[in-house]
Amino acid sequence: MAQTSSTLPRILVVGCGSIGERHLRCFQATKRCKVEVCDANATLLHTVAERYAVKAQPDFAAALKSSRYDALVICTPAQTHLLIARQGAEHGAALLIEKPLSTSLDGVEETRCAIERSGRHVAVAYVYHVFPWILAAQEFVKTGALGRVLHATLCAGQHFPTFRPAYRDIYYAKRETGGGCIQDAITHAMNAMEWLLGPATRVFCDASHQMLEGVTVEDTVNLSVRHDNVLVSYAMNQFQTPNELAFTLHGEKGSLSVEHHHRRWGTMMRGETEWSWRTTPPLERDDLFIAQANAFLDGMDGMEGKPSPLCTFEEGVQTLKFNLAALRSMDSGLPVTIS
Ligand SMILES: NC(=O)c1ccc[n+]([C@@H]2O[C@H](COP(=O)([O-])OP(=O)(O)OC[C@H]3O[C@@H](n4cnc5c(N)ncnc54)[C@H](O)[C@@H]3O)[C@@H](O)[C@H]2O)c1
Numbered sequence: 620m621a622q623t624s625s626t627l628p629r630i631l632v633v634g635c636g637s638i639g640e641r642h643l644r645c646f647q648a649t650k651r652c653k654v655e656v657c658d659a660n661a662t663l664l665h666t667v668a669e670r671y672a673v674k675a676q677p678d679f680a681a682a683l684k685s686s687r688y689d690a691l692v693i694c695t696p697a698q699t700h701l702l703i704a705r706q707g708a709e710h711g712a713a714l715l716i717e718k719p720l721s722t723s724l725d726g727v728e729e730t731r732c733a734i735e736r737s738g739r740h741v742a743v744a745y746v747y748h749v750f751p752w753i754l755a756a757q758e759f760v761k762t763g764a765l766g767r768v769l770h771a772t773l774c775a776g777q778h779f780p781t782f783r784p785a786y787r788d789i790y791y792a793k794r795e796t797g798g799g800c801i802q803d804a805i806t807h808a809m810n811a812m813e814w815l816l817g818p819a820t821r822v823f824c825d826a827s828h829q830m831l832e833g834v835t836v837e838d839t840v841n842l843s844v845r846h847d848n849v850l851v852s853y854a855m856n857q858f859q860t861p862n863e864l865a866f867t868l869h870g871e872k873g874s875l876s877v878e879h880h881h882r883r884w885g886t887m888m889r890g891e892t893e894w895s896w897r898t899t900p901p902l903e904r905d906d907l908f909i910a911q912a913n914a915f916l917d918g919m920d921g922m923e924g925k926p927s928p929l930c931t932f933e934e935g936v937q938t939l940k941f942n943l944a945a946l947r948s949m950d951s952g953l954p955v956t957i958s
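In the working numbering, the protein residues as written are 620 to 958.
So this is what it looks like as structure tokens:
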């Protein structure tokens with residue numbers, strides 16, 4: 620039965636900066652929910668609320684008191700995510716929490732308990748989980764067709780100032796607010812690799828500030844990581860001209876490669892000499908976030924026993940540990956074991 624606008628789930632987007640505005644637009648585009656927006660910056664809040672003709676909530680605590688929300692989409696800087704998530708869980712709302720889950724492990728346990736009490740659907744917005752070429756690669760790896768995966772390499776980069784000209788003035792400029800390449804950028808790839816290969820168990824990180832003007836956080840990262848018995852090397856910088864991300868997994872029976880910038884994934888199995896590529900037709904960036912919004916709404920509806928493709932809270936905690944271990948290794952110059 621079609622839902623009327625008064626019976627659609629009510630979603631509050633908390634923080635309507637760069638990604639919050641995108642989530643607002645993409646949740647609206649699903650036509651499966653009614654969206655409102657909250658931001659501590661009153662000028663921004665009213666501009667965005669007017670642009671999308673949605674209700675503006677200037678005070679988060681007051682909004683939770685006066686209204687009933689079915690879900691929160693948490694799009695504030697990382698160090699605020701867990702507190703807002705706890706308040707949302709206590710309100711009884713489902714939660715879509717932007718990455719990274721936080722900047723420390725403080726408050727993880729309390730948030731986990733609040734989520735368990737609420738019993739609501741929770742996901743972390745590591746959006747690579749809905750990129751068709753990564754989702755299909757993940758499904759292929761899980762079939763076991765590659766045999767045991769033993770080795771992997773990942774190489775990524777982009778000219779960050781082109782994509783985020785304000786990088787000096789936002790959370791990116793400071794580690795404490797989730798800034799730097801590890802917590803802000805390569806964390807997407809670290810999470811995706813954990814999804815494909817299992818949790819990282821040991822990391823050695825060499826990273827430094829190489830080029831971006833006006834900040835001192837690391838913009839270039841090399842990681843040598845063990846995901847248990849899989850050896851993985853990661854490399855990323857945020858100043859190169861090509862906007863590219865590619866990784867290859869090598870297993871006992873063949874190899875699998877993903878080229879994000881070509882929207883494709885492929886395999887070369889033992890005995891073959893050419894890659895077999897599967898390519899997704901061109902799509903808009905919003906299409907990926909609409910897919911994520913739909914997957915989250917599906918999770919809220921219950922998946923009839925099927926697992927959601929989205930990153931779970933526990934997977935988000937694991938990638939947070941991976942981020943923190945990489946930062947510790949960068950600071951100490953030593954490998955760090957992840958418990
Ligand atoms: N998945 C992605 O592709 C992606 C892309 C960009 C950012 N992000 C993540 O999303 C988060 C936000 O990033 P952004 O680029 O949108 O940042 P931003 O600085 O553009 O926006 C953050 C907004 O949150 C508001 N805010 C801060 N504290 C608040 C509070 N307590 N209550 C209400 N509003 C509050 C600020 O006023 C600001 O408008 C970060 O964790 C970032 O890592 C994810």
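In this text, a Cβ means the ideal position worked out from N, Cα and C, and glycines have one as well. Since we're looking at a predicted model, the values are computed, not measured.
So, helix, strand or coil for residue i, using DSSP?
i    : result
V760 : helix
K684 : helix
H642 : helix
I716 : strand
Y745 : coil
W752 : helix
H740 : coil
A858 : The sequence given here places Phe at residue 858; Ala does not occur at that position. Three-state result, F858: coil.
L831 : coil
I630 : strand
V692 : strand
E933 : helix
M919 : helix
T898 : strand
E903 : coil
G707 : helix
C800 : helix
L943 : helix
D725 : coil
A785 : coil
P780 : helix
S625 : coil
C732 : helix
R651 : coil
Opposite residue i in the DSSP bridges: which residues?
i    : result
Y791 : Y791 is not bridged to any residue.
N810 : Paired residues: none, contrary to the question.
Q676 : C657
G870 : V768
T892 : None, per the DSSP bridge assignment.
R845 : R821, L850
C774 : A854, A865
R883 : E878, T898
A975 : For residue 975 there is no data in the structure shown, the boundaries of the chain being 620 and 958.
V955 : V822
In whole angstroms, what separates the C-alpha of residue i from that of residue j?
i    : j    : result
T938 : E813 : 8 Å
H828 : D788 : 17 Å
V656 : R736 : 25 Å
A944 : V822 : 7 Å
V654 : R739 : 18 Å
R966 : A733 : Residue 966 is absent from the model: the chain starts at 620 and stops at 958.
L754 : L831 : 32 Å
L663 : Q676 : 12 Å
E795 : Q698 : 7 Å
F679 : V844 : 40 Å
R731 : H700 : 13 Å
A804 : K872 : 31 Å
D905 : C645 : 7 Å
L902 : G707 : 33 Å
G636 : T781 : 17 Å
Y791 : I693 : 17 Å
A756 : T806 : 19 Å
A744 : L691 : 12 Å
N856 : A681 : 42 Å
F779 : Q859 : 8 Å
A713 : R889 : 45 Å
S852 : C774 : 8 Å
A865 : S874 : 13 Å
A826 : T956 : 18 Å
E640 : R783 : 14 Å
F900 : W884 : According to the sequence shown, residue 900 is Pro rather than Phe. Near 12 Å, if we compare the C-alpha coordinates of W884 and P900.
Y786 : S948 : 25 Å
S927 : A819 : 22 Å
T666 : T626 : 27 Å
M922 : V834 : 44 Å
Looking at ligand 2, does it come within less than 7 Å of residue i, judged from the CB to the closest heavy atom?
i    : result
G634 : Among the ligands in the structure shown, ligand 2 does not appear; only ligand 1 can be found there.
Review point. Pairing CB atoms from the segment 879-897 with CB atoms from the segment 906-923, are three or more of them under 8 Å?
Key: Touching, no, given that fewer than three Cβ pairs across the two stretches are closer than 8 Å.
Review point. Does the count of Cβ pairs from the segment 769-779 and the segment 843-852 closer than 8 Å reach three?
Key: Yes: the two stretches touch, three or more of their Cβ pairs being nearer than 8 Å.
Practice item. Please determine if the segment 881-893 and the segment 719-727 are in contact, where contact requires at least 3 C-beta pairs separated by less than 8 Å. Key: In the pairwise beta carbon analysis, the segment 881-893 is classified as not touching the segment 719-727: fewer than three pairs are separated by under 8 Å.
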